[in-house]
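**Q**
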Amino acid sequence: MKIWLFFGVIGFFPFLVSCASLPEEQSDVPWADLTLHATGVGAIEGQWTASERFAAIQRAKMNAYLKLQSQVMMLPTASKKTVRELARENPLFEKKLSQFVRSAKIVRTQNTNEGIKITTELYLGEHFMTTMGLAKRKPLPTSRDARSDISHRRSY
25 MKIWLFFGVI
35 GFFPFLVSCA
45 SLPEEQSDVP
55 WADLTLHATG
65 VGAIEGQWTA
75 SERFAAIQRA
85 KMNAYLKLQS
95 QVMMLPTASK
105 KTVRELAREN
115 PLFEKKLSQF
125 VRSAKIVRTQ
135 NTNEGIKITT
145 ELYLGEHFMT
155 TMGLAKRKPL
165 PTSRDARSDI
175 SHRRSY
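Numbering-wise (my numbering), the sequence shown opens with residue 25 and increments by one.
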């Protein structure tokens, strides 16, 4: 009887361990899946000619991109710094950020009495984190036989 009780407890223990759930890994930043919106306005100076409209569209896009970039700059990172502080420390990071903001999707273009309004949308997800170098890096895989790979190379 004691043997059955012993094996019953031992047999039940792996079941308990396998049913335990591990805590889910949460993102280090509160904005991991955030979509930003910005509306830029480009005034039309003079008559509604094709060249004036084109220039107004360019001004509206630039205005919207600047608004998006200022929104991104205020976001906190996992290292308790803002994105603006990281951009000040690293000029390459600032260039990447500017390029990423310019990849924002134009959602709406609207003609108004004052000129052109363009609404943009920028999704800050895993792609943003990876592009900016803010994502957790996975360790590089190492081969088991790294030494044997080197020894088989021929030198000429």
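We put the CB at the ideal spot given by N, CA and C, even for glycine.
Taking all protein chains shown into account, do 16 or more other C-beta atoms lie within 10 angstroms of the C-beta of T59, making it buried, or fewer, making it exposed?
**A** For this step, residue 59 is matched to residue 35 along the sequence shown. Looking at its Cβ environment, which holds fewer than 16 other Cβ atoms inside 10 Å, T59 is exposed.
**Q** How would you write the range of the beta strand (DSSP E) that T63 sits in, first residue to last?
**A** Taking the first residue of the sequence shown as 1, we reach residue 63 at position 39. Residues L58 to A67.
**Q** Suppose the cutoff is 8 Å on Cβ atoms and the five residues either side in sequence are ignored; what does the same chain contact list for F117 look like?
**A** On the sequence shown, residue 117 is found 93 positions in, with the first residue counted as 1. Contacts found: L110, A111, M156 and G157.
**Q** In or out: S70 buried (at least 16 other Cβ within 10 Å) or exposed?
**A** Indexing the sequence shown from 1 puts residue 70 at position 46. The sequence given here has Gly at residue 70, not Ser. Burial call: exposed.
**Q** Within a Cβ cutoff of 7 Å, which residues of the same chain sit near R126, ignoring the five residues on either side of it in sequence?
**A** Here residue 126 refers to the residue found at position 102 when the sequence shown is read from its first residue. The residues are Y89.
**Q** Could you give the DSSP three-state label for P100: helix, strand or coil?
**A** Locating residue 100 in the sequence shown gives position 76, counting from the first residue. The answer is strand: DSSP assigns P100 an E or B state.
**Q** On the three-state DSSP scale, how would you describe Q82?
**A** As a working mapping, residue 82 is identified with position 58 in the sequence shown. Helix, per DSSP.
**Q** Based on the DSSP secondary-structure assignment, which residues constitute the bridge partners of L146?
**A** Locating residue 146 in the sequence shown gives position 122, where the first residue counts as 1. Its beta-bridge partners are L60.
**Q** Could you round the C-beta distance between K91 and A62 to whole angstroms and report it? I think they count as a contact, below 8 Å.
**A** One-based indexing of the sequence shown puts residue 91 at position 67. One-based indexing of the sequence shown puts residue 62 at position 38. At roughly 4 Å, the Cβ-Cβ gap stays under 8 Å, so K91 and A62 are in contact.
**Q** By DSSP, does K119 sit in helix, in strand, or in coil?
**A** Stepping through the sequence shown from its first residue, residue 119 is reached at position 95. Three-state result, K119: helix.
**Q** Are T143 and A128 close, meaning C-beta to C-beta below 8 Å?
**A** In the sequence shown, the residue the question calls residue 143 occupies position 119. In the sequence shown, the residue the question calls residue 128 occupies position 104. Taking 8 Å as the Cβ cut-off, T143 and A128 do not qualify as a contacting pair.
**Q** State yes or no: is the C-beta of G66 within less than 8 Å of the C-beta of G149?
**A** Looking up residue 66 in the sequence shown gives position 42. Looking up residue 149 in the sequence shown gives position 125. No, the Cβ-Cβ distance between G66 and G149 is not below 8 Å.
**Q** Give the DSSP-derived three-state secondary structure of R132 in the structure shown.
**A** Translated into the one-based positions of the sequence shown, residue 132 becomes position 108. In this structure, R132 counts as strand in the three-state DSSP scheme.
**Q** Indicate whether P115 and T106 have their beta-carbon atoms separated by less than 8 Å.
**A** The sequence position of residue 115 within the sequence shown is 91, counting from 1. The sequence position of residue 106 within the sequence shown is 82, counting from 1. Contact: no.
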